[in-house]
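As they're listed, the protein sequences go chains A and B. Residue numbers for the first sequence follow our numbering, so the first one is 1 and each next one is one higher. Residue numbers for the second sequence follow our numbering, so the first one is 661 and each next one is one higher.
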Amino acid sequence: MIAESGHYALVLALGLALIQSIVPLIGARLRDAALMNVARSTALAQLLFVGVSFAALVMLHVNSDFSVANVYENSHSTKPLLYKITGVWGNHEGSMLLWVSILALFGGLVASFGNNLPLSLRAHVLAVQAWIASAFYLFILVTSNPFLRIANPPIEGRDLNPVLQDIGLAVHPPMLYLGYVGFSISFSFAIAALMEGRIDAAWARWVRPWTLVAWIFLTLGIAMGSYWAYYELGWGGWWFWDPVENASLMPWLAGTALLHSALVMEKRNALKVWTILLSILTFSLSLLGTFLVRSGVITSVHAFATDPTRGVFILLILCLFIGGSLALFAGRATSLKQGGLFAPISREGALVLNNLLLTVACAVVLFGTLYPLAMEMLADFKMSVGAPFYNLTFAPLFALLLLAVPFGPMLAWKRGDLLGVMQRLLAAGVAGLVAVAIAWGWATGGSTLAPLAIGLGVFVIAGAVTDIVERTGLVRMPFATVLHRARGLPRSAWGTAFAHAGLGVALIGIVCETTWNSEYIATMKPNDVAHVAGYELKLDGLFQRQGPNYREMIAEFKISRDGEALTVMTPSKRSFTTRGSSTTEAALLTRGASQLYVSLGDATAEGAIAVRIYYKPMVLLIWWGPVLMAFGGVLSLSDRRLRVGAPKPARAKQRLQPAE
Amino acid sequence: MTLWFVFALMTVAAIFAVLWPLGRSSGAQDQGSEVAVYKDQLAEVERDLAAGLIPAPEAEAARVEISRRLLAAAASEPAMAPRSNLKWRRAAAVLALAGLPLVAVAVYMPLGSPKLQDFPLAQRERGSGMAQSLENLVVQVEQHLEKNPTDGRGWNVLAPVLERLGRFDDAVRAYRNSLTYNGESAERRSDLGEAISAAAGGVVTAEAKAEFERAHALSADDPKANYFLGLAAEQDGRKDDAANIWRALLAKAPADAPWRALVQSSLARVGGGTMPALSDETIAASKDMAEGDRNAMVRGMVDRLATRLKQNGDDVEGWLRLVRAYLVMGERDKAMGASADARQAVASDAERLRQLNDGLRTLGLGG
């Protein structure tokens, strides 16, 4: 009954989405409030039914009900409970159900917290959301239905792909989907604005929090995915420029551009048409990512199963939405009123530069992702575009962008004073140069560009600090005033500083890791000792252990440095009988921001084992950076001026309210 | 019955969600407006000014700009006043009442299986007394072996069952484990060889042949090893060798050996057969049946091999096996097709292509 109820709930959600995609639009045309409000209640009901459907699938997985094909194919009765739950989205059907659940979640959020939106805008937005939802409900029901049954249920399931049996699966996909799907809201807002033919500063203000939420989750999702790949795949790599990673990076770049251009629009009523286009492009790239990953065009860890009908269906959805929205844009964009003018050297100008660099970087990634695919399809010629291509194209663009980052927030709106800003950034520049000098003197080997890149990272961080120092008047004003000003400073200013500093932090991590990591690959016997980057690793022995659904070979390493014993590291190799495959579980030792990384290869007949040991200096900065960025995003989101909810401008009250 | 009741309840809830806003009078609506946003911005400018974050002239400029937008927005506001339209509301209500259940039933009925009960694992384990199916038992044995992988007797029991269930790759693994924990024996070696060739689609691969040769070395009279070595010879096109091996096997065989008929019919196939002392009708009947069964099985295996190669075309050995299988089955067209596919699949690798062409030439398909 659980299975069939979940199935039926999904069908009802489709029915509700169909109503939601038509009725509110008629209401908006007739200016009938009741018809427009249908959007709101149906969006909430849709959320309820998709929620029921998702909960049903989770229940089925937890109960190991192998009469459901999806459970049979991806679960096993001996799997730990956590992986039974996460296994729900560790497969194609379930992950699509998660996708629509999150879509419904965002629809429900707009419905319940969109009180500050004009009624017709809300109706339009929810109707567009329902179009997307309908298309994906149909996709799920027709081509990837998770509730299909097996009449004679087998006694045991086929188990989840062992690589996915990890805590990472609990965090990475939901985060990433919250990001991907979150951009559907700004897409819906853009389409709504085009349909209404009305767009203004207020629009940007309403869109920005949603974009920001999506951006925060996408940032964390990508970072989490990268860290997961780093510790799970056993090679210590954290970014491979693999098409699936690019598929998540492209919406992030476009979304970052969108965040900044929406700011210009909100503050200065300029860049309207561009912002609309960016909203459309960002979500289109999210859809493209879904297509690339889910259609089986690319084979990777992420492509669970390949089926041509799915690919064709998603391609159809893709064409319909991207083509339709761009056609609407082409038709209506000219009718939008142009706003605010500004000088090239100004905050607006800086943000335009930011947008330019981000979109070009995004285009580079898009080219690098699609070109090999196109070549393979059209010319039957296999090629791969990897790190060298991106180092030559993406890296200089980003270096330029980072160089400009500290200038942006310090320039004034409308017309800025570049010389003045340069003077104020002098200290940051000096800090950067000092860092270059130190890195140069201290470093041995590696690229000559590395110290420069570290200097750039330090410059970006120092620039962010300078901005806050300038705004609070630290150094030149009495401390009490500074404190007062710091409290009065909009949280979005703090957010900007944190997010920009995060960029610098990540850059330093990336440079240190790629330039000065050291590795040691050997076959070790018990009592052998390896020396890596000043650490001494002694292999104590190999042990076997039985896990819940796997057998594990553990190697025990005693770690010491300068004769002082530190700890014991236990990397292991797990073999899963049901799928007949094995995974490596790397052991990590964190010292500050650096990590020692040990992973196992194959055992030889003589009781020796292949071991890969890496020392990765400052590697954790790579992920602390994005976390810092996301934290900046949260700060900015909590800014009272962007808070989702009815704005009440009474000042006295606002002082008393605790900041959320 | 309860299921349909739940469905009905859910449908009613969904319809209610559509009807509810339609039924409410459109009085004061809580909605935002542009005016509110601009007023908010003005307040913010004041706040920033008070906190000393922006100087007075800048604040003044911002105030002017925002006020201008505020006036424009306020002017367009009255045009947006809501109206109500009873006719369309009724239409929407009808859409919900009739359309929603119709769509739901029309989509659900062809996809869903409302007659199937849930089968959670716990429930099935409780009611296990009645239907201990073969698969169920296999799973239990597998779980036992998962925990006690050195139980040689367990592997011995499991392996033939797996083979009968068609899980050839698992059977191969089980036989290997059985060999490891029970020790060498001709019988186990040839069982392993049989499983390997079954997994390879009925073709005695080099790997399988090695096992049979080892079995033969351990015990020269092992009938299974001899039979399959003969089969290997036949598949390699050495029909005379095959006939010799089988003839020798029959000569040593006890009169009541159950596999006599099989070897005799194989011998007849390679054309080296002295006819057995049985009535022609019986032979025809048994041969037909065995042949039919075996053909179906072989065909299934060949199809599996073909799909596997379609996904991973690097396996030259596999392609040759497929081509040979088609030739053995007398399907020359398919064999030609498969060799063309094979050439395409390994075209990028010169070494593999050479191997493939050599192999095809020996099969008489070169050039």
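Glycine residues also receive a C-beta, built at the ideal position from the N, C-alpha and C atoms. It should be emphasised that the depicted structure is a prediction, and the values quoted were computed from it without experimental measurement.
Listed along the chain, the chain A residues whose CB falls inside 8 Å of the CB of Tyr-768(B) are His-7, Tyr-8 and Val-11. In this structure, Ala-330(A) lies away from Leu-285(A), with their beta-carbon atoms at least 8 Å apart.
Taking C-beta atoms as the reference points, Tyr-520(A) and Ala-506(A) fail to come closer than 8 Å.
DSSP lists Arg-743(B) as the bridge partner or partners of Asp-32(A). Burial state of Trp-241(A) is buried, judged by a 10 Å Cβ sphere holding 16 or more other Cβ atoms.
What Thr-42(A) touches in chain B, judged by beta-carbon distance under 8 Å, is Ala-677 and Val-678, going in chain order. With the criterion set as a beta carbon lying under 9 Å from some beta carbon of chain B, the members of the stretch 23–42 of chain A are Val-23, Ile-26, Gly-27, Leu-30, Arg-31, Asp-32, Ala-33, Ala-34, Leu-35, Met-36, Asn-37, Val-38, Ala-39, Arg-40, Ser-41 and Thr-42, in sequence order.
With respect to chain A, the C-beta atom of Met-670(B) has a partner C-beta closer than 8 Å. Annotation for Val-532(A): no alpha helix (DSSP H) segment contains it, though the beta strand (DSSP E) segment containing it runs 529–532.
Your pair Ala-204(A) and Ile-276(A) does not check out as a contact, with CB atoms roughly 10 Å apart and the cut at 8 Å. Between Leu-336(A) and Lys-272(A), the C-beta gap is smaller than 8 Å, which places the two residues in contact.
If you draw a straight line from the Cα of Gly-236(A) to the Cα of Gly-114(A), it comes to about 44 Å. Take Trp-413(A), set aside five residues on each side of it, and the residues of its chain with a beta-carbon closer than 8 Å to its own are Lys-267, Arg-268, Phe-342, Ser-346, Arg-347 and Glu-348, in chain order. Ser-188(A) sits away from Val-100(A), with the two beta carbons spaced by 8 Å or more.
The bridge partners DSSP lists for Leu-537(A) are Ala-530(A) and Ile-559(A). Ala-9(A) is positioned such that its CB atom lies no closer than 8 Å to that of Ala-45(A). Under a 10 Å Cβ-count criterion, Glu-564(A) is classified as exposed, with fewer than 16 other Cβ atoms of the shown protein chains found around its own Cβ.
In terms of Cα proximity to Ala-404(A), the closest of Gly-416(A), Tyr-83(A) and Leu-351(A) is Leu-351(A).
Within chain A, the residues placing a beta-carbon under 8 Å from that of Ser-744(B) are Asp-32, Ala-33 and Ala-34, ordered along the chain. At least 8 Å separates the CB of Leu-730(B) from every CB of chain A. Between the C-alpha atoms of Leu-292(A) and Thr-42(A) there is a straight-line separation of about 31 Å. Looking at the DSSP output, Ser-575(A) sits in a beta bridge with Arg-551(A) and Ser-582(A).
Here the stretch 85–93 of chain A does not lie against the stretch 23–33 of chain A, with fewer than 3 beta-carbon pairs under 8 Å apart.
Residue-level contact by beta carbon fails for Glu-854(B) and chain A, as no gap is shorter than 8 Å. Secondary structure at Phe-66(A): coil, using DSSP grouped into helix, strand and coil.
Boundaries for Asp-778(B): no alpha helix (DSSP H) harbours it, and the DSSP string shows neither H nor E there. What Ala-229(A) touches in chain B, judged by beta-carbon distance under 9 Å, is nothing: the nearest beta carbon there is about 24 Å away. Residues are counted here when their Cβ sits less than 7 Å from a Cβ of chain B; for the stretch 593–625 of chain A the count is zero.
Ranking Arg-743(B), Thr-865(B), Pro-918(B) and Ala-998(B) by CA distance to the CA of Leu-891(B) puts Thr-865(B) first. A Cβ-Cβ contact shorter than 8 Å links Leu-635(A) with Trp-494(A). By the rule that beta-carbons nearer than 8 Å mark a contact, Ser-226(A) does not touch chain B. Between the stretch 545–564 of chain A and the stretch 598–608 of chain A, the count of Cβ pairs shorter than 8 Å is three or higher; the stretches touch.
For Leu-539(A), the closest C-alpha among the options Thr-143(A), Ile-613(A), Trp-624(A) and Phe-54(A) is that of Ile-613(A). The C-alpha of Val-798(B) lies about 16 Å from the C-alpha of Ser-838(B). For Gly-601(A), the three-state secondary structure derived from DSSP is strand.
For Thr-840(B), the nearest beta carbon of chain A is not closer than 8 Å to its own beta carbon.
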